[in-house]
Amino acid sequence: MIQLAVEIPYWGQSLLRVLGGLVAVLLPAGTIVYLFLFKMMSFMQSRLGPMEAGPYGSLQLVAEVGKWMQKEDLAPDQADHSIFKIAPLVVLTSTFLLVVVVPFGPDAYFTDFAVGVFYGLAVASVSVLGILIAGWASANKYSLLGGLRAAGQLIAYELPMVLATLGVVIQAGSMNLQDIVVAQNTGEIFGFGGLGNPFVITQFLGFVIFMIAVQAELTQPPFDMPIAESELVSGYMTEYSGFRFLIFFIAEFATAGVFAFVASVLFLGGWGVPFDWFGWNNIDQVDDWMNVVGPLIMFTKMLVLTFIIMWVRFSFPRFREDQLQTFAWKVLIPLALANTAVTAIFKVAF
Amino acid sequence: MPDKPKVPGLFKGLGITLGILKDTVVDGANTVQYPHEKEAPPIRARGVIALHEENCTACMLCARSCPDWCIYIEGHKQLAPPRRAGGKPRQVNHLDRFDIDYALCMYCGICVEVCPFDALFWSPEYEYSEPKIADLLHDKEKLGEWMETVPEAPDLEAGANKK
Amino acid sequence: MTMMSDRQQLSYIAGQAADARLNVELETEGMTLNIGPQHPATHGTLRIICRLDGEQVVWAEPGCGYMHRGYEKLTEVRTFPQVTTLVNRIDWLGSFANEVPFILAAEKLMDIEAPPRAQMIRTILFELSRIANVSLFLGDLGVQMGAITPVFLAFRDREYVLNLIEGATGGRFHPNFDRIGGLKDDLPKGWIDETRQVMVKLREFCDIIEDLLFGNEIFQSRMRGIGIIPADIAKDYGLSGANLRASGVDYDLRRDQDLPMAWDKADFKVWTHPDGDSFARCWVRLQETRESCRIVEQLLDQIPAGPIMTKVPRIIKVPEGEAWVSTENPLGEMGYYVVSKGDLGPFRVKIRSASFNNISIVPWVLKGVYVPDVITILASLYFILGDIDR
């Protein structure tokens, strides 16, 4: 741990962690919503996007949050009220649970689990529960259809995600996310250490599979059958309005940001640049200023990956449910298994 | 035709959206940011109908030909002084009331077309919405004010026979 | 029960029987899903009542009439110019095309023909409204599939066509430009050059849509082989327009009919497709848009000089008689049967709109498809609610 001049009591540290977690989740969400959803989507459609709220529409998200918060809290009469109300919170909780395991610097992390990858993949599935109960509890046939589609899709695409991560874990030799970052930044590719060893190069197939699985986990087009705006209006979110819809909305983009964080840790080298550039040999030699620069580097990498997710989102139509499942079970999982097998062979052989 | 390399349609689509993104960043978007910027409508645009009161004789042709019956005309006959001294006083139609209800108007232009005395004109003005629907009934004075915004008829294409 | 008509009773019983069959075979209850009348996918207030088994449609029926405005009754108490204004609003996307068959029917009753310049400009505006209509279809197709980008490109490029129509007629959506005996006004100066430039832009738009949407593998896998309508079934149900041509039937009223319009002066190809699936219908419309651009460019070079209106009396009274004229509208075959008793207005107008017959095939084609495919098929059939309900 860093030696600070002032001794912070444990409750203070916990408060800092909570605030840091909020920032780590909500700041990416806000940036992604403004940069990509409002501006990039508009520019790709040859229009300007929101321009009135704030300079170039930068405060549009603030305006939208205000708008949603002052709406009436409606729930359908026949909905299961308690479950209807906690469903969005369940989805958002999984995002917060996932971000605690992402390292932002050599000492800037919330927790340092030895089985960080395992924990991360496990809590990422909690959002599936939230979506399912939102679909069932809404007392609406469209929501039900959306929830059922979501159940099939999200469970199907968890497997390629896990298997792609498995390749990274084999190559890094550890499930601890901090160790994975260090392994990428201190490693070398075929003797050339200038770039470190970002796993996106050696695990390119795993990276592609992971990104596709992330796109499906976020129910973004082309995998947005659960929402399917032109058929199911809003799928499982149809009956939600006001504050509850705001939570779903924020959760969608916050989860995109956090998955991009995880992907950048697993494949792009996380918070670090190749240690060779500064002459460090292991994590203890990394300077303290990396705790400030590290989060910025993570932010940048997160923006790059989210750009790709959003770019694909705005360009493609959606798959039909059975095509989606075929793609997952017959294409992605065999490829991911093959990737894992080849990685294991290479790890043992070399 | 040279053999084009087979780029999967997915990547071509991504390339197209990226290209549009670049074009918008470089050239600007097609958006006209109303109300800060306004596009000028074409000359013939049917925005609002203006009344040239001197020409109107309250013949009721426009009110009869309106598909929605949104023109309300009232007039009365009165005696006007003779054209030259020593003649007899002549009877003229005096227009009392000429209202167009723009809440009903279909903007079809039949009234402007059938008027035999050229008392009605189209103007491209379109910014006259009101918070109260009753205010959309434009009376004689307001219709006369729209006359200032009536443009000259445009020149016609080559080969047209002017009437 | 006695309040329902015989047909409704049969439908109800059939639905009950379908449910009972499901109950026996699968021990599940069929779910009845209303797609519409308020729904993002139905181009308006159309209600499709589906009985589902899981995600598969067992029985479907369209419930239209939510937008019925009583056009045929309205025309009984209107004069001919007033009816011309009203019928703009039937198919509101390609609205000039609605006026033309009505005016042609009235001219047929009066036994007059518009001068050649008017016929040419009428045809050009007709094709422009076809381009405006179908380019929106191409964009909307993306939205139904989930691709949100093409629709904005469609609206952007459609604006150019609407500006052209506004420059000539004064109204973007409701031109109200056709008159018995010719057109209301001549073209303003510079219109022909502007139209040429707009046609270039529309062709680029068609190319973009072809690459962005039609070339996309996901789009093709959603559309190919879905909703196949064989040619004889299409003819039996009275489909028309691109729906018919996509099933392989080579029938185009522009070429096969002899109307006083200028289509015989342009050289154009009638596109057909042998498959008859959703992709074929959309593809045929894309090619037709390109073909319309070609027609407009050819006709622009050939506009003859002359008057824009024949000699007609100021107050037009159409002589007694009945006339039927139908044209190849953007949505299909639209026709008017005008009965006149020598008055200022028609005695009775029967409007044969294309979309009403096009959706009659919905019960047949939606059997056994998945819910997402329902949207695909409805999107490819392409109807406008104003056209169905009038």
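Protein chains in written order, with my numbering: chain A, 1 to 350; chain B, 1001 to 1163; chain C, 2001 to 2390. Glycine residues also receive a C-beta, built at the ideal position from the N, C-alpha and C atoms.
- For Ala2106(C), not one C-beta of chain B is nearer than 9 Å to its own C-beta.
- In the three-state DSSP reduction, Tyr1072(B) falls in the strand class (E or B).
- For Phe2152(C), the nearest CB of chain A lies under 9 Å from its own CB, placing it at the interface with that chain.
- In this structure the segment 14 to 31 of chain A touches the segment 237 to 256 of chain A; the number of beta carbon pairs closer than 8 Å is three or more.
- With fewer than 16 other beta carbons inside 10 angstroms of its own, Met1060(B) counts as exposed.
- According to DSSP, Asn2163(C) shares a beta bridge with no other residue.
- In the DSSP assignment, His81(A) falls within the unbroken alpha helix (DSSP H) covering 81 to 99.
- Restricted to the segment 88 to 174 of chain A, not a single beta strand (DSSP E) segment is unbroken, complete and at least 3 residues in length.
- At a cut-off of 9 Å between beta-carbon atoms, Gln78(A) makes no contact with chain C.
- Proximity of chain B to Arg17(A) at the Cβ level (cut-off 8 Å) is not reached, the minimal Cβ distance being about 38 Å.
- For the 9 Å CB-CB criterion, Met290(A) and Pro103(A) do not form a contact.
- Short of 8 Å from the beta carbon of Ala75(A), and not among the five residues preceding or following it, lie these beta carbons of its own chain, in chain order: His81, Phe84, Lys85, Glu239.
- In this chain, the beta strand (DSSP E) harbouring Asn1093(B) covers 1090 to 1101.
- Between the alpha carbons of Phe2356(C) and Asp2387(C) lies a distance of about 7 Å.
- Rounded to whole angstroms, Arg2179(C) and Pro1089(B) show a C-alpha spacing of 41 Å.
- Contacts with chain B at 9 Å (Cβ-Cβ) include Arg2078(C).
- Contact check for His2043(C) against Tyr2382(C) passes: the beta carbons are separated by less than 9 Å.
- If you check the CB distance, Ala213(A) and Leu332(A) come in under 9 Å.
- When DSSP reads this structure, Arg2179(C) sits in a beta bridge with Gly2182(C).
- Counting along the chain, Leu324(A) sits inside the alpha helix (DSSP H) bounded by residues 321 to 326.
- Under DSSP, Glu2333(C) forms a beta bridge with Glu2328(C).
- By the CB criterion at 9 Å, Val2374(C) and Leu2385(C) fall outside the cutoff.
- Annotated three-state conformation of Trp2059(C) is strand, per DSSP.
- According to DSSP, residue pairing for Gly20(A) in a beta bridge does not occur.
- Where Ile1049(B) is concerned, the enclosing beta strand (DSSP E) starts and stops at 1048 to 1051.
- None of the residues of the segment 1068 to 1088 of chain B has a beta carbon lying less than 8 Å from any beta carbon of chain A.
- One alpha carbon belongs to Gln2298(C), the other to Asp2267(C), and they sit about 8 Å apart.
- Ala2246(C) sits buried, since 16 or more C-beta atoms from the chains shown fall within 10 Å of its C-beta.
- Judged by DSSP in its simplified three-state form, Asp287(A) adopts coil rather than helix or strand.
- Straight through space, the alpha carbons of Tyr2066(C) and Gln2038(C) are spaced by roughly 10 Å.
- Taking Gln203(A) as reference, the option from Gly167(A), Ser94(A), Leu177(A) with the minimal CA-CA separation is Gly167(A).
- Asp179(A) carries a helical assignment under DSSP once its states are collapsed to helix, strand and coil.
- In the DSSP assignment, Trp68(A) falls within the unbroken alpha helix (DSSP H) covering 60 to 69.
- Shown here, Glu2322(C) sits in a strand according to DSSP, grouped into three states.
- Fully contained in the segment 204 to 289 of chain A are the following alpha helix (DSSP H) runs of length 4 or more, in chain order: 204 to 217, 229 to 232, 243 to 267.
- A distance of 9 Å or more separates the beta carbons of Leu305(A) and Gln184(A).
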